[in-house]
Amino acid sequence: MKSDAIAVPVPSADSAFDSAEQLGAKSASTDNKMDIIYSDRRFFGHPRGLAVLGTGNLFNSIAWAAFYAIFIYYLYSPFSRGLGFTAGQAASIVAALGVVNSVFGIVGSWLADRVLGMRTALVLGNITKAIGFALIAIPSFSVDQGRVCMFLGLIFLAVPLMGQSNNSLTAQLYRKSDDARRDAAFTFHNIFNSIGGLLAPVVVGNISMLDYHIGFVIAAAAALGYALIILLFSHSCFGELGRAPVKPLDPGQLKRIGLITSAVVVLVVVVMAALISIGVMTFDRLLSLITTMAFLIPIAFFVRLFTNRDIPKTERRVFKPMSQLLAVQVFQALILAVTGSTNLIYMDQYLNRSFLGITFAPATFVSISAVFALVVSPVATYLWTATAFGSSIRSLSKMALSYAFGAVSLFVIPLTVTLATGKVNPIWFILTMIFDQFTQSVGGATGISIIAKMAPKSYDTQIQTAFAQCTTIGNGLGLLIFMFATTAQQQLAVYPWLGAGTILIAIYLRVTQKRFEAAVA
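Here the sequence shown stands for residues 1 to 521, numbered as in the UniProt record's numbering.
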């Protein structure tokens with residue numbers, strides 16, 4: 001009797017050996033390709049991929065510097081030049097945008113790791129960002145129409161696609177043990193950011209004294225430039241690195257998550273539209289909701305990450321020292337949240353901006369700050385990588401020193417307002433920029449580098465997102481401050497308290513350095 005059973009061929013020992021050999025050859029090929037990237041020194045001693053990511057960061061900094069150089073002024077300038085918000089409301093909107101971008105960065109990093117791949121995430125993310133800037137660039141024919149376009153633009157700017165893909169991809173260009181070059185790579189990013197920060201504010205700020213919308217068009221064009229540079233040059237410089245998701249979802253999971261996400265988005269849009277139409281969701285209540293998100297969502301993210309059983313115990317041991325570093329970053333993010341908006345208002349309302357009969361845009365001082373960054377960042381890169389003295393200074397010592405320097409401006413800026421009898425001489429503000437840039441060029445880059453080194457395998461982007469979530473909490477704390485400190489004078493009164501906290505952090509980092517290094521060794 002003939003059997004209905006289907007014969008299933010059993011692989012022979014030889015075929016199994018051949019399969020194992022093919023897998024081994026594929027793994028060896030991947031290792032060889034990574035070795036080529038690791039040993040590449042064609043871009044000032046670094047892999048060429050850093051040039052691509054750095055140029056992308058240049059376009060990114062132009063886009064955001066152009067946007068932030070004028071956005072707060074556009075918000076509180078009277079209609080039809082601006083949208084007619086109060087200065088306090090304008091500062092809150094800027095801080096709220098920072099919160100939403102940081103919160104959605106969690107989703108962006110997850111999409112990069114599990115769905116899109118880092119390179120695709122960078123391309124699509126910058127296209128949506130360009131759409132957001134373009135919507136805000138639409139001229140305002142009425143206050144309501146202008147505000148609607150502005151809020152729609154902010155929604156596109158918050159679309160979560162990129163996450164921390166640029167930082168993660170940068171970190172993967174180097175071996176875990178290559179601390180010096182990786183530290184220098186993130187300092188290179190500061191240089192690229194500073195170039196954009198130099199050009200965009202002075203150009204866009206002064207053009208926008210005629211029309212703010214031109215500046216938003218420039219921001220949109222720069223965002224498209226970022227997408228284009230990644231699209232054209234990433235394959236030749238990265239090979240397969242960052243092309244595919246690190247831990248891709250299977251088709252069933254992807255479909256299920258896509259359906260759930262679509263349903264949630266539709267539900268949120270319908271509920272928010274209904275609440276706004278009946279007057280329940282007011283401006284202040286929306287800010288309160290965003291502030292709540294700034295605390296609850298990052299905390300949930302940290303709990304999920306730190307309790308993830310997929311991360312081996314041998315790699316989980318770094319979470320305790322990492323949490324200390326993240327706490328420090330929260331405070332630094334709070335400082336940036338408060339000073340970012342307040343300094344812009346300070347430039348507009350307190351500084352003497354006239355020289356030889358010409359009145360310059362407030363954002364001109366942002367470009368002056370970028371000049372100092374262009375000087376400080378290369379000096380820092382040379383100091384840490386090309387001198388015996390710099391190489392001997394440990395990462396936490398760099399951070400401690402930079403934060404101590406950063407406290408100077410927090411004491412000097414409010415003092416200039418207290419002592420001035422008229423408009424403040426801008427020289428005082430310009431001098432504080434030197435200290436601020438040292439903090440950003442050294443402390444910020446070193447912190448990102450340390451976090452990148454501590455990241456468990458396959459979680460690089462999400463660990464960088466954890467670092468970014470500190471910014472979310474910091475922006476949330478900033479929003480709380482803006483709810484009570486509604487004028488520039490009240491906000492400046494907070495500066496000395498922030499300066500005192502920064503000095504305490506510098507002391508803490510220096511005192512706990514050896515214990516921290518032992519924990520992550």
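Glycine included, each C-beta is placed from N, C-alpha and C at the ideal position. Nothing here was measured: the structure is a model prediction, and the numbers come from that model.
From residue i to residue j, what distance separates their C-alpha atoms?
| i | j | result |
| --- | --- | --- |
| T432 | P47 | 35 Å |
| F295 | Q329 | 15 Å |
| N167 | G357 | 44 Å |
| V99 | V442 | 24 Å |
| N343 | F67 | 16 Å |
| V52 | G422 | 47 Å |
| L23 | P248 | The predicted model places L23 with a pLDDT of 45, which falls under 50 and marks its position as unreliable; any figure quoted below should be read in that light. Distance between the alpha carbons of L23 and P248 is about 19 Å. |
| N190 | K176 | 21 Å |
| A63 | L97 | 15 Å |
| A16 | G239 | Interpretation of A16 is limited by its pLDDT of 46, a score under 50 that renders its predicted location unreliable; no figure is taken from the coordinates. |
| A361 | V424 | 15 Å |
| V148 | M293 | 22 Å |
| L199 | A363 | 11 Å |
| Q164 | V103 | 12 Å |
| V204 | S194 | 15 Å |
| T418 | T487 | 15 Å |
| I393 | L267 | 53 Å |
| A222 | I214 | 13 Å |
| Q233 | N32 | A quick correction: the sequence has Phe, not Gln, at residue 233. Those two C-alpha atoms are separated by around 21 Å. |
| A112 | S354 | 47 Å |
| I36 | A420 | 59 Å |
| A388 | S395 | 14 Å |
| S208 | F192 | 24 Å |
Going by DSSP, what residue range makes up the alpha helix (DSSP H) through residue i?
| i | result |
| --- | --- |
| E240 | Segment: none, E240 is in no alpha helix (DSSP H) and carries neither H nor E. |
| H46 | First-last for H46: undefined, no H or E at that position. |
| L351 | Counting along the chain, L351 falls outside any alpha helix (DSSP H), and DSSP gives it neither H nor E. |
| G499 | Y495 to V511 |
| F280 | It is worth fixing the name first, because residue 280 is Val in this sequence and not Phe. Counting along the chain, V280 falls outside any alpha helix (DSSP H), and DSSP gives it neither H nor E. |
| T170 | S165 to A171 |
| Y403 | S395 to L419 |
| N206 | D179 to I207 |
| R316 | K313 to R316 |
| G125 | M118 to I136 |
| A488 | A488 to L492 |
For residue i versus residue j, is the C-beta spacing smaller than 8 Å?
| i | j | result |
| --- | --- | --- |
| G478 | Y226 | no |
| V338 | L498 | yes |
| A95 | S323 | no |
| P160 | A65 | no |
| L334 | G474 | yes |
| M150 | I136 | yes |
| L152 | G49 | no |
| A373 | Q332 | no |
| R243 | G125 | no |
| Y495 | P414 | yes |
| G108 | M162 | yes |
| I72 | Y212 | no |
| T128 | F85 | no |
| T291 | G476 | yes |
| Y503 | A400 | Checking the displayed sequence, the identity of residue 503 turns out to be Ile instead of Tyr. Not in contact: I503 and A400 (Cβ atoms no closer than 8 Å). |
In terms of alpha-carbon separation, which member of the options lies closest to residue i?
| i | options | result |
| --- | --- | --- |
| L326 | I451, V280 and I413 | I451 |
| R515 | A420, A485, A466 and S397 | S397 |
| L287 | Q490, L351, M483 and T512 | M483 |
| F79 | S102, I299 and G146 | G146 |
| I230 | V303, F59, N206 and T359 | F59 |
| L210 | A506, G82, T486 and V379 | G82 |
| S402 | T471, T439, I481 and I427 | T439 |
| I345 | Q164, V143, Q491 and G54 | Q491 |
| W110 | E315, T416, V408 and I257 | I257 |
| A184 | V376, V408 and E315 | V376 |
| S409 | S392, I434, T472 and T387 | I434 |
| F43 | V266, I155, C237 and L224 | C237 |
| D144 | T471, R114, L75 and F411 | L75 |
| T170 | F186, D179, A180 and T314 | F186 |
| V217 | F355, F133 and H235 | F133 |
| Q489 | Q513, R510 and Y350 | Y350 |
| Y38 | D179, A274, N308 and A485 | D179 |
| A370 | A388, G196, I297 and K255 | G196 |
Per DSSP, which one or two residues make a beta bridge with residue i?
| i | result |
| --- | --- |
| I358 | F355 |
| V100 | None; V100 has no bridge partner. |
| V148 | According to DSSP, V148 bridges with nothing at all. |
| V424 | L351 |
For residue i and chain D, any beta-carbon pair shorter than 8 Å?
| i | result |
| --- | --- |
| L53 | You won't find chain D in this structure, because it holds only one protein chain. |
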